[in-house]
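Worksheet for the structure shown next.
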C-alpha cells in the first residue's frame, strides 16, 4: 500500500509543479508589465512608502520559485518504493529480497531507499507540509488581492467578465471569489498539516491508528494545494490592474507617504533624529488639518528656524522606489533560469 501511496504522492507533486510553472509564468509576465507602475507600499495596513506593483508581484514570484525548489526535494524523498515485508526486514523473500525490491523499483520509476520507511512517516510529512506551504504562498496573494480590491482602494480587481464575482442582489459587486477561496483553503490546509507530527508518532512496525488518519489527511492536502493553485492561476492571468488608481492613492492623505523620503533628504543637513521629529510634526499637522505634507513642512521648518535647510525640490513618489525595478528584473531572471 505504501508503494501505491508513493506513486500517488509523486504524481500529485508532479501535477502541482506544472501548476506552479503556469502560476509563476503569469506572475513573471505581470511583474514585467508593471515594473514601473508606482503604487503605495503598505505596512501595518497603512501606506508606508512608494513601491511598484511589479516589485510586489516579484516577491510572490520568488516564493513560487522557492516552492518549486522545495517540491523537487520533496519529490525525491517521496518517490521511493516500500517493499520490506510485514515487519520491515523482508525475511519472507530471503536473499533475493534486495534484488526483487531494486528491480520492482526500477519498473515503477521509484528509487530504492534500502532502509524501510513504512515506519518512518516523515516521508508523508514532506508531502503534507509541501502542500500546506504552497497553499500558504497562494493565500498571501489572495489576501493582498482582497485588500487591494476594496472599494476605497480599488487598485486591483479579479477578472469579472460574464458576471464573475457578481452578487445575486447587488449588481455592482466584483467579489474576489478566487482570492477568498485561496485564503479559505490555506486555513484548512494549515489545520490539517498541524496533524502531520502526530502521524509520525506511529509506533513499532507500524502501530494502529495513525495510519488510518493518513487516508484522509494526505489526499486532502494534495487536493487542496491543487485547487488553490487553480484559483491562483485565474487571478494571476486575469487580474485587472488600475494603474491610475494606484497613482492617485499616493496622494490619498496629502502626500504623507513621502514622509520618509523628505526625512532622508533633510537628514544630511540636520541629523536623522531631528529630521524625523520635524517631519513627524509636519505630518501630524497635515493629518489633523486635512492639508498636505508639502504645505505644512515649510511652516514647521520656519517655526524651528531651519527653513533654509529644506531642499529646493522634494522627491516625487516615482523617484523613491529604490531597487524596485532591479528586484523585478532579478526575480524574473531567476524564474526564467529555473524554468530551463
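Numbering (full-length UniProt numbering), first residue to last: 1 to 340.
We treat Cβ as the ideally placed atom computed from N, Cα and C, and that holds for glycine.
For residue i, does the three-state DSSP call read helix, strand or coil?
i: residue 46; result: strand
i: residue 164; result: coil
i: residue 310; result: coil
i: residue 100; result: helix
i: residue 82; result: coil
i: residue 195; result: coil
i: residue 202; result: coil
i: residue 27; result: helix
i: residue 170; result: coil
i: residue 33; result: helix
i: residue 254; result: coil
i: residue 60; result: helix
i: residue 321; result: coil
i: residue 211; result: helix
i: residue 175; result: coil
i: residue 87; result: coil
i: residue 151; result: coil
i: residue 235; result: helix
i: residue 316; result: coil
i: residue 290; result: coil
i: residue 21; result: helix
i: residue 116; result: coil
i: residue 1; result: coil
Look at the alpha carbon of residue i and the alpha carbon of residue j, and state the distance between them as a whole number of angstroms.
i: residue 57; j: residue 266; result: 32 Å
i: residue 151; j: residue 107; result: 57 Å
i: residue 304; j: residue 263; result: 15 Å
i: residue 323; j: residue 40; result: 15 Å
i: residue 119; j: residue 9; result: 17 Å
i: residue 246; j: residue 300; result: 29 Å
i: residue 333; j: residue 239; result: 22 Å
i: residue 51; j: residue 14; result: 35 Å
i: residue 43; j: residue 215; result: 41 Å
i: residue 162; j: residue 202; result: 51 Å
i: residue 47; j: residue 211; result: 49 Å
i: residue 31; j: residue 326; result: 11 Å
i: residue 218; j: residue 255; result: 50 Å
i: residue 308; j: residue 295; result: 16 Å
i: residue 160; j: residue 153; result: 17 Å
i: residue 170; j: residue 116; result: 59 Å
i: residue 147; j: residue 99; result: 58 Å
i: residue 96; j: residue 16; result: 37 Å
i: residue 167; j: residue 329; result: 39 Å
i: residue 318; j: residue 291; result: 21 Å
i: residue 28; j: residue 67; result: 15 Å
i: residue 142; j: residue 6; result: 31 Å
i: residue 197; j: residue 22; result: 31 Å
i: residue 135; j: residue 339; result: 21 Å
i: residue 284; j: residue 297; result: 10 Å
i: residue 253; j: residue 37; result: 20 Å
i: residue 261; j: residue 181; result: 38 Å
i: residue 89; j: residue 336; result: 46 Å
In terms of residue numbering, what span does the alpha helix (DSSP H) encompassing residue i cover?
i: residue 94; result: Careful: residue 94 lies outside any alpha helix (DSSP H) and carries neither H nor E.
i: residue 144; result: 122-148
i: residue 268; result: 259-270
i: residue 298; result: 293-303
i: residue 325; result: 324-339
Return the Cβ separation of residue i and residue j in integer angstroms, given the expectation that the two are a contact with Cβ distance under 8 Å.
i: residue 178; j: residue 231; result: 4 Å
i: residue 77; j: residue 138; result: Incorrect: roughly 22 Å between the Cβ atoms, too far for contact.
i: residue 189; j: residue 132; result: 4 Å
i: residue 112; j: residue 81; result: 6 Å
i: residue 35; j: residue 54; result: 4 Å
i: residue 320; j: residue 49; result: 7 Å
i: residue 226; j: residue 73; result: The pair is not a contact, with the Cβ atoms about 19 Å apart (cut-off 8 Å).
i: residue 75; j: residue 101; result: Contact flag wrong, Cβ pair sits at about 20 Å.
i: residue 228; j: residue 185; result: 4 Å
i: residue 93; j: residue 85; result: 7 Å
i: residue 129; j: residue 193; result: 6 Å
i: residue 70; j: residue 200; result: The Cβ separation is near 19 Å, so there is no contact.
i: residue 12; j: residue 222; result: 4 Å
i: residue 278; j: residue 306; result: 7 Å
i: residue 242; j: residue 155; result: 6 Å
For residue i, which beta-bridge partners are listed by DSSP?
i: residue 52; result: 38
i: residue 77; result: DSSP, once it has assigned bridges, lists no residue as partnering residue 77.
i: residue 240; result: 157
i: residue 111; result: 80
Distance cutoff 9 Å, beta carbons only. Does residue i sit that close to anything in chain C?
i: residue 105; result: Annotation note: the requested chain C is absent from the structure, which comprises a single protein chain.
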